[in-house]
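In the numbering used here, the protein residues as written are 277 to 425. Here is the structure we will look at.
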């Protein structure tokens, strides 16, 4: 799937950054495989000249190589992600973080830091577990994983 992303970025003139390293020993299970917030934050800090950071999970693929991200459509937003807009109830499955677009700005940096604090490496991990359990009736455990990240 990496070739798919490399080809897409080459066609549209985007830089691509790929990681397969574990960033912290406590980042087990989903957090070890997908340390999204930490990598997004690292990209933001390393590339302040970039207006947008576009995260695409390793198991996602571009099926329309001609599709160009309509950035002008998102001029009033700092984060764009897919989800279940039709859902009126709070559910821990309502947002898909597998493909997510962040404006490289302070709000997004702060958001990504809070998101990172949900991981097992954070001293706030248990606190976030309690918040998730209190917020989402359909969440069966306090572990913040790739479905609630």
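For glycine and all other residues, C-beta sits at the position ideal for the given N, C-alpha and C. None of the values given here were measured: they were computed from a predicted structure.
If you ignore the 5 residues before and after residue 284, its C-beta comes within less than 7 Å of the C-beta of 338, 341, all in its own chain and listed in chain order. Beyond the five residues adjoining it in sequence on each side, residue 380 comes within less than 8 Å, by CB distance, of 320, 323, 324, 326, 327, 328, 329 in the same chain, given in chain order.
Residue 395 counts as buried, since at least 16 other C-beta atoms from the protein chains shown sit within 10 angstroms of its C-beta. Between residue 378 and residue 287, the C-beta gap is not smaller than 9 Å, which leaves the two residues out of contact. Distance check between residue 336 and each of 312, 398, 405, 278 places 278 closest, using alpha-carbon atoms only.
Here residue 280 carries a helix assignment [DSSP, helix/strand/coil]. Take the alpha-carbon of residue 399 and the one of residue 407: they are about 14 Å apart. In the three-state DSSP reduction, residue 350 falls in the helix class (H, G or I). Nearest to residue 384 by C-alpha distance, out of 412, 413, 354, is 354. Beta-carbon to beta-carbon, residue 331 and residue 344 are separated by about 17 Å, too far to satisfy the 8 Å threshold. Counted as a single uninterrupted DSSP element, the stretch harbouring residue 387 is not any beta strand (DSSP E) but the alpha helix (DSSP H) occupying residues 382 to 392.
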